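Below you'll find the structure, written out as structure tokens, and then a few comments.
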Amino acid sequence: MNPDVLAAARAAFSQSGAITLGAVVHEGSCAPEPVITLPLSLMNRHGLIAGATGTGKTKTLQLIAEQLSAAGVPVFLSDVKGDLSGIGAAGEASERVNTRAAETGYAWKPAAMPVEYLSLSGALGAQMRATLSSFGPLLLARVLGLNATQTSVLTLVFKYCDDKGLLLLDLSDLRAALQYLSGDGADELKAYGGMSKQTVGVLLRELVELEQQDADLLFGEPEFDVDDLLRTAPDGRGIVSVLELQDVQDRPALFSTFLLWMLATLYHTLPEVGDVDKPKLVFFFDEAHLLFDNAGPALMEQVQQVVRLIRSKGVGVFFITQNPRDVPAEVLGQLGHRVQHALRAFTPDDEKALRSAARTYPKTPHYDVQETLTSLGIGEAFVTTLSTTGVPTPPFATRMVPPASRMGPLTADELRAHLGGSAQVRRYAQAVDRESARELLEARMADAEQEAEKAPARPSTRPSRSAEDEPAARRKPKAEKSALEQILRSPTAKSFASTLARGLLGALMGGRRRR
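Following my numbering, the numbering of the sequence shown begins with -3 at its first residue and continues without gaps.
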């Protein structure tokens, strides 16, 4: 190992109050000293964990999450592939783990983290729900895949319900509001601009499709309390909340939008704290590209605002994805910590992405950045972080230390046993259906029908009298039509008269002859 490189790494990274990442790698050799770290006090400056498939991103996420928990920081992480549930079980010593610990000079000890499992379906953890009112029309429009016009109509319906005190708690409330406003309540909507029945039909069909995917389980009460993400265990360690998504991974717009709702709710709920010794929560957003795919301008603006401002609430956000270009430049510029695993350049597009990623790193005399990014091994990364002074460190190739928890999922029996003993699972298990827009609108329509039935029939101004009631003296027999009258009233005569009248009018008005 070049002593100048090791000395530069020691000077760049803080060794106290920090998350240990690994040891410096240079020119093929690794110094057995884990000097590459993330400062705990700057974890709310956000970060990026990127790299090609199979390069070790998930294990890096797990490593950082368990050390945050050990430092008393609550953690939220999304588990798309189902391989992070093992953070709740102690790791097992193996030849590979022992070798990696020796190479990096890390005192490895197995440990399980205090963990709560969450689920959007309710099958793999505590049932997560949100009311439609808190979810809002913009996020719901993305889940439904609506265009701009349909989104504006949905926003109009939400505005009407807010003004009239109609709670939108679940999908049945929204369906009732759409049906009412396109029927009996159409006149009430004129002040808001109105909506076409065709658009209402589209919205109703999309709601049906969403319900067929069991997504209606997501909306309703009891709503998930984001304060549950901020808890610590009795021993002072932060609770790791793992959102299991493997049973809904085929609906990326659904779960990525729900994660954004959680971030936005945290932003609106938590007080301002400024700079703190350690964050109140660190939020790991796996498969982050799913959040930005097909996101409209309004949604992108909301994402940027939340990422930019939520750090002042003491919350750090880490995005995990394959390529830095998956994250928009406006968001990428807000990420102070970068853990870049190997990038592959098999195509011209890959090579272009590689050059683009290399240009985003601070200059370093010790590495050819572009070459290093393609030559990293599994479990190695190119790391730059914010120093304690807020200045980005030079990047260093790093061999990551092994996680202390299990590097694999829990078995079905282990997960079932954990869920059976969780008070959080029991608290959110039973849905609550209180009075909301559906019940109020159904009652309003029922009252209108009853009033219509009770209203007396309007009397006629001229009482009708049948021919039988009329005195015989007043009834006159119909006179027979003469032959001339019959001819004049025949269809042929009427057609001739109409043609003659049009001709006379044309002549009087100076009509022009057709050529």
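All C-beta atoms in this analysis are idealised placements derived from N, C-alpha and C, irrespective of residue type, glycine included. Please read all numbers here as calculations on a predicted model, not as lab measurements.
Within the DSSP secondary-structure output, Ile316 pairs in a beta bridge with Ile45. In this structure, Leu262 places its C-beta atom within 8 angstroms of the C-beta atom of Val311.
Boundaries of the beta strand (DSSP E) around Phe392: Phe392 to Met396. It is roughly 11 angstroms from the alpha-carbon of Gln123 to the alpha-carbon of Gly216.
Scanning Ile316, Ser308, Glu347 and Gln301 for the CA closest to the CA of Glu326 turns up Gln301. About 6 angstroms separates the beta carbons of Met396 and Ala377, which is inside the 8 angstroms limit, making them a contact pair. Ranked by how close their Cα comes to the Cα of Ala103, the residues Ala291, Asp166 and Glu29 have Glu29 in first place. Taking Met191 as the centre and dropping the five residues before and after it, the same chain places the C-beta of Val149 closer than 6 angstroms to its C-beta, in chain order. Under the rule that a run must span 3 or more residues, the beta strand (DSSP E) segments found entirely inside the stretch 65 to 138 read 71 to 75 and 111 to 115. Two segments are said to touch when three or more pairs of C-beta atoms, one from each, lie closer than 8 angstroms; by this definition the stretch 429 to 437 touches the stretch 151 to 170.
Here Pro388 is bridged, per DSSP, to Leu382. If you draw a straight line from the Cα of Ala173 to the Cα of Val428, it comes to about 20 angstroms. According to the DSSP assignment, Glu326 belongs to the alpha helix (DSSP H) that extends over Ala325 to Leu328. Remark: three or more beta-carbon pairs, one from each stretch, lie closer than 8 angstroms, so the stretch 236 to 253 and the stretch 211 to 226 are flagged as touching. Contact between Glu207 and Thr127 is ruled out by a C-beta separation of about 16 angstroms, above the 8 angstroms threshold. If the five residues before and after Leu225 are omitted, its C-beta is found closer than 7 angstroms to the C-beta atoms of Pro70, Phe72, Ser237 and Leu277, all from its own chain and listed in chain order. By DSSP's assignment, Ala377 forms a beta bridge with Thr394. Spatial neighbours of Thr389 in its own chain (CB-CB distance under 7 angstroms, excluding positions within 5 residues in sequence) are listed in chain order as Ala8, Phe9, Thr380, Thr381 and Ser383. Per the C-alpha coordinates, the member of His22, Ala260 and Leu162 positioned closest to Gln298 is Ala260.
In its chain, beyond the 5 residues on either side, Tyr188 have a beta carbon closer than 7 angstroms to the beta carbon of Lys155.
Around the beta carbon of Glu240, 16 or more other beta carbons sit within 10 angstroms, so the residue counts as buried. Here the C-alpha atom of Lys53 lies approximately 19 angstroms from the C-alpha atom of Thr356. Taking C-beta atoms as the reference points, Lys160 and Ser178 fail to come closer than 8 angstroms.
Boundaries for Pro35: no alpha helix (DSSP H) harbours it, while the beta strand (DSSP E) harbouring it runs Ile32 to Pro35, taken from the DSSP string. Each of Ser418, Arg340, Val365 and Arg422 was checked against the Cα of Phe392, and the nearest Cα belongs to Val365.
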